[in-house]
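This report concerns only the one structure given below.
In our numbering, the protein residues as written are 14 to 110.
Given below as structure tokens:
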């Protein structure tokens, strides 16, 4: 837990008990718990805001709807068309040389 061994944790508890007394420890623990919860909620809100602003869900949905195989097939088809066009253009050039 937080890289603290059992003996170190016990020592911290003893020091806290001596400094604040037994009647303040539940109040301190409650306050720390609320603070940790607020911090966790804030980080979750920030993560959600970043996720929503980036539009990641829309992008994932688009790729899922399109299907990666269809996109790959279309790209390969366009590449083949460009190769044929280049070969048609370079054919007369090769004959001239």
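Yeah, the Cβ is synthetic: ideal placement off N, Cα and C, and Gly gets one too.
*asked:* Once DSSP output is grouped into helix, strand and coil, what is the label at residue 37?
replied: coil
_DSSP three-state label for residue 93, please._
helix
_Between the CA atoms of residue 44 and residue 85 - distance to the nearest angstrom_ = 55 Å
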